[in-house]
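Asker:
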DNA sequence: TCGACCGTTTGTCCTAGACAAACTCGCCGT
DNA sequence: ACGGCGAGTTTGTCTAGGACAAACGGTCGA
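Protein chains in written order, with the working numbering: chain P, 240 to 541; chain V, 240 to 541.
1) Helix, strand or coil: how does DSSP classify residue 590 of chain V here?
2) Taking contact to mean 3 or more Cβ pairs, one atom from each stretch, closer than 8 Å, check whether the region 386-403 of chain V and the region 464-476 of chain P are in contact.
3) May I have the straight-line CA-CA distance separating residue 309 of chain P from residue 459 of chain V, to the nearest angstrom?
4) Identify the contact partners of residue 396 of chain V in chain P, using a Cβ-Cβ distance below 8 Å as the criterion.
5) Taking the CB atoms as reference points, tell me whether residue 488 of chain V and residue 432 of chain V lie closer together than 8 Å.
6) At 7 Å on the CB atoms, spell out the chain V contacts of residue 418 of chain P, in chain order.
7) Which whole-angstrom value describes the C-beta separation of residue 479 of chain P and residue 507 of chain P, a residue pair presumed to lie in contact below a C-beta threshold of 8 Å?
8) List, in order along the chain, the chain V residues whose C-beta lies closer than 8 Å to that of residue 422 of chain P?
9) So does the region 371-383 of chain P actually touch the region 271-285 of chain P, counting three or more Cβ pairs closer than 8 Å?
10) Check the DSSP bridge columns for residue 477 of chain P and list the partner residues they point to.
11) Is the Cβ of residue 260 of chain V closer than 8 Å to any Cβ of chain P?
12) What is the DSSP secondary structure of residue 515 of chain V, counted as helix, strand or coil?
13) Given that a residue counts as buried once 16 or more other Cβ atoms are within 10 Å of its Cβ, and exposed if not, what is residue 335 of chain V?
14) Output the boundary residues of the beta strand (DSSP E) element that contains residue 522 of chain V.
15) Going by alpha carbons, who is nearest to residue 353 of chain P out of P:404, P:363, P:388, P:370?
16) What ranges does the beta strand (DSSP E) occupy inside the region 415-495 of chain P, keeping only unbroken runs of at least 3 residues that lie completely in it?
17) First and last residue of the alpha helix (DSSP H) that includes residue 286 of chain P?
18) So if DSSP puts residue 245 of chain P in a beta bridge, which residue, or which two residues, is it bridged to?
19) Under a CB-based cut-off of 8 Å, is residue 513 of chain V close to chain P?
20) Spell out the partners DSSP gives residue 275 of chain P in its beta bridges.
21) Which chain V residues sit within Cβ distance under 8 Å of residue 429 of chain P?
22) What residues from chain P crowd round residue 457 of chain V, counting only those whose CB sits closer than 9 Å?
23) Quick one: Cα of residue 361 of chain P to Cα of residue 407 of chain P, how far?
24) Could you check what DSSP says for residue 412 of chain V in three-state terms: helix, strand or coil?
25) Does the pairing of the region 290-298 of chain P with the region 252-269 of chain P give three or more beta-carbon distances under 8 Å?
26) Can you give me, in chain order, the residues of the region 487-504 of chain P that have a beta carbon less than 8 Å from any beta carbon in chain V?
27) Output needed in chain order: residues of the region 288-299 of chain P with a Cβ under 8 Å from some Cβ in chain V.
28) Indicate the three-state DSSP secondary structure (helix, strand or coil) for residue 309 of chain V in the structure shown.
29) Quick check: the region 445-462 of chain P against the region 499-514 of chain P, are at least 3 beta-carbon pairs closer than 8 Å?
30) Is residue 536 of chain V near the ligand FAD - that is, is its Cβ less than 7 Å away from at least one heavy atom of it?
31) Between which residues of its own chain and residue 303 of chain V is the CB-CB distance below 8 Å, once the five residues before and five after are set aside?
32) How should residue 253 of chain P be labelled, buried or exposed, when 16 other C-beta atoms within 10 angstroms of its C-beta is the threshold for buried?
33) Does residue 344 of chain V come out as helix, strand or coil in the three-state DSSP assignment?
34) Mind reading off the beta-carbon distance from residue 442 of chain P to residue 355 of chain P? Whole number of angstroms is fine, and I expect it under 8 Å.
35) Flag residue 362 of chain P as yes if its beta-carbon sits less than 8 Å from any beta-carbon of chain V, otherwise no.
36) List, in chain order, every chain V residue whose beta-carbon is nearer than 9 Å to that of residue 406 of chain P.
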């Protein structure tokens, strides 16, 4: 049989659209229109799954489902090709260098990419490398993905190669002479962006703070346990732009309530740039804020 | 207010139990018994979430929910403390060394752990290190987590430290002289165990195969795209023991159907040890099988 | 040009029922 | 006594449609 074995769970896995949303769209907009198996369960044809993935990408760019659903496939594709929002372009000189790096990824030239990055790292030093190369490059990759200029697997390759490089650089740093504050770096479940965490870790390590790396996706209650067990001063969480906005503030308030008062809570990443302030939580929208926050913490805890 | 802000989505995030399951248990077994907010939505008290986490852990050990629900909290705790299944214990000498490493993790002694591991790596060489130290240690950590001997955040710390070490070791390997087969190493969405992938990658790299690292959690359709774009010979997927059994065979059959015939599909990891064979898919239940599979592939493709 | 308001859009939650796959247990034949 | 087979039970996931709050977009007034 060549029938598509995309049941609703498989579509959820592959598109990131929840079952509830898939059923709701069908009810409300008349798309998708899955077939049914003998048992009345939805079976999604191949092309509809592809279309759903496209719609999801456009929604991440800020488009709204109601508008997208009515469009023909060609119109969707045209929208995807167009740049999402013509933001201000930063200095062309910088962009050109970044584009070279991006181009290496697009050509799947792992070796060339690693070489180029290592050269930049050596030339700039870790701090400037992170702030001036890696942060904008990551941003650029994100935009390129939104525009459809690179594929998911190319983004995966980028992430994988870059984390390796960065981990290596962090490992080579000398141990800090002032091992305070002790910082747990992690992210909550569903948030799997690792690169942001590593960038912060390298900056904090350069400041001489002691980082307890925990990878991504720590359940909230585990974060609390870990804070107690490691005698931690700071919990630093990273939220990527892709993380559902609506969940962030509730999550932070919840965590703040569960944590002991003497543990600071820092939230950073692209995702919190539009978040509203919250008492007891420090927002670090920019990478550079990490160094300042460390200094402030030290001032308050002599 | 000190009311518990655990809504059903937060409980799903923190326990890994789906909303459907949470509601079903409530209907069927009378547990959990969340309060309701003004809007009629479920609010789970703190202690019930903790109990749900415990129940989940016991279920991962093979217990069944129907039995567990009726038990008192003390009985649950007692079950958790007992070792899950008295399997055959391997040679005591090996276990003792592993226990020392495990003990370092439990004491959160990152530096000591890395040092000890690096020594073993130097002494054994990468291949034997992976097969004789890392694989059993990972297994041991998994068992320790089931027994409640280590916490989730300790497991995260273990994973994070170990992946760093292993990535570094892989990076130091010379490039293979025979860059075939070209292998994509990854896992499907929901499967985030990274260590297994890295272990395989190091063994394949030692065999001189060329690995395209893709991290974890690749959507099925992206795997297919990547296979075409990278001109790939083999897709290697890893399934941990925690991955839902029911999904595996459907997923592999689906992927096999979508992939071009000339691309081999390898499935490995603890999760596939009990899986039933499938045409066109090679099962590699043991780490050592990776080397054999590589040799077999080369024999078939001169 | 900016802020406040109001209607519309959209995701998530709700209840309750059905069924298939997985597991348990007891029977029967060797 | 032991292993395979069938019937019965357990369990997760799917289905349907309804409800509502938060977020968004556009309009009006300062």
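Beta carbons: idealized from backbone N, C-alpha and C, even for Gly.
Answerer: Let me lay it out:
1) In the structure displayed, chain V extends from 240 to 541; residue 590 of chain V sits before or after that span and is not available.
2) Three or more beta-carbon pairs drawn from the region 386-403 of chain V and the region 464-476 of chain P are found closer than 8 Å, and the two stretches are therefore classed as touching.
3) By one-based count along the first chain, residue 309 of chain P stands at place 70. By one-based count along the second chain, residue 459 of chain V stands at place 220. Straight through space, the alpha carbons of residue 459 of chain V and residue 309 of chain P are spaced by roughly 27 Å.
4) Locating residue 396 of chain V in the second chain gives position 157, counting from the first residue. For residue 396 of chain V, the chain P residues whose C-beta falls within less than 8 Å of its own C-beta are 451, 452, 453, listed in chain order.
5) Looking up residue 488 of chain V in the second chain gives position 249. Looking up residue 432 of chain V in the second chain gives position 193. Not a contact, by the Cβ cut-off of 8 Å.
6) The residue you call residue 418 of chain P lines up with position 179 of the first chain. Going along chain V, no residue has its Cβ under 7 Å from residue 418 of chain P, so there is no contact; the nearest lies around 11 Å.
7) In the first chain, residue 479 of chain P corresponds to position 240, counting from 1. In the first chain, residue 507 of chain P corresponds to position 268, counting from 1. Between residue 507 of chain P and residue 479 of chain P the Cβ distance is about 10 Å, and since that is not below 8 Å, they are no contact.
8) Counted from its first residue, the first chain places residue 422 of chain P at position 183. Under the 8 Å cutoff, chain V gives no residues; its nearest Cβ is about 13 Å from residue 422 of chain P.
9) Segments in contact, no.
10) For the purposes of this step, residue 477 of chain P is taken as the residue at position 238 of the first chain. Looking at the DSSP output, residue 477 of chain P shares a beta bridge with P:507.
11) For the purposes of this step, residue 260 of chain V is taken as the residue at position 21 of the second chain. Not one chain P Cβ lies under 8 Å of residue 260 of chain V.
12) Here the question's residue 515 of chain V lines up with position 276 in the second chain. The answer is coil: DSSP assigns residue 515 of chain V none of H, G, I, E or B.
13) Numbered from its first residue, the second chain carries residue 335 of chain V at position 96. That one is exposed.
14) Position 283 of the second chain, counted from the start, is the residue given in the question as residue 522 of chain V. First-last of the beta strand (DSSP E) with residue 522 of chain V: 521-523.
15) Taking the first chain and counting its residues from 1, one reaches residue 353 of chain P at position 114. The closest CA to that of residue 353 of chain P, considering only P:404, P:363, P:388, P:370, is found on P:404.
16) For the region 415-495 of chain P, the continuous beta strand (DSSP E) assignments of 3+ residues that do not extend past its boundaries occur at 421-425, 449-452, 473-477, in sequence order.
17) Locating residue 286 of chain P in the first chain gives position 47, counting from the first residue. It spans 285-299 - the alpha helix (DSSP H) in which residue 286 of chain P sits, taken as one unbroken run.
18) In the first chain, counting from the first residue as 1, residue 245 of chain P sits at position 6. In the DSSP output, where bridge partners are listed per residue, residue 245 of chain P has P:283.
19) Taking the second chain and counting its residues from 1, the one referred to as residue 513 of chain V is at position 274. Output row for residue 513 of chain V: interface = no.
20) The residue given as residue 275 of chain P occupies position 36 in the first chain. Paired residue(s): P:281.
21) The residue you call residue 429 of chain P lines up with position 190 of the first chain. Within 8 Å Cβ-Cβ: 252.
22) Looking up residue 457 of chain V in the second chain gives position 218. Listed along chain P, the residues sitting closer than 9 Å to residue 457 of chain V by beta-carbon distance are 391, 392, 395.
23) The residue labelled residue 361 of chain P in the question sits at position 122 within the first chain. The residue labelled residue 407 of chain P in the question sits at position 168 within the first chain. The alpha-carbon atoms of residue 361 of chain P and residue 407 of chain P are separated by roughly 13 Å.
24) Your numbering for residue 412 of chain V matches position 173 in the second chain. Note: residue 412 of chain V maps to coil in three-state DSSP.
25) Look at the beta carbons and you see the region 290-298 of chain P touching the region 252-269 of chain P: at least three pairs across the two are nearer than 8 Å.
26) Within the region 487-504 of chain P, the residues whose Cβ lies closer than 8 Å to some Cβ of chain V are 489, 490, 492, 493, 496, listed in chain order.
27) Taking 8 Å as the Cβ-Cβ cut-off against chain V, the residues of the region 288-299 of chain P that qualify are 288, 289, 292.
28) Residue 309 of chain V sits at position 70 when you count from the first residue of the second chain. In the structure shown, residue 309 of chain V sits in coil (DSSP, three-state: anything other than H, G, I, E or B).
29) Cβ pair count under 8 Å is below three, so no.
30) This structure simply doesn't include the ligand FAD, nor any ligand for that matter.
31) Walking along the second chain from the start, residue 303 of chain V turns up at place 64. Taken in chain order, the list of residues that qualify is empty.
32) The residue you call residue 253 of chain P lines up with position 14 of the first chain. Residue 253 of chain P is buried by the Cβ-count criterion.
33) To locate residue 344 of chain V, count along the second chain from 1; it is residue 105. Three-state DSSP puts residue 344 of chain V in a helix.
34) What you label residue 442 of chain P is simply residue 203 of the first chain in a count that begins at 1. What you label residue 355 of chain P is simply residue 116 of the first chain in a count that begins at 1. Not really, about 22 Å apart at Cβ, beyond 8 Å.
35) Locating residue 362 of chain P in the first chain gives position 123, counting from the first residue. For residue 362 of chain P, the answer is no, since every Cβ of chain V falls outside 8 Å of its Cβ.
36) As a first step, residue 406 of chain P must be located in the first chain, where it is residue number 167. Close to residue 406 of chain P, with beta-carbon spacing below 9 Å, are these residues of chain V in chain order: 402, 403, 406, 407.
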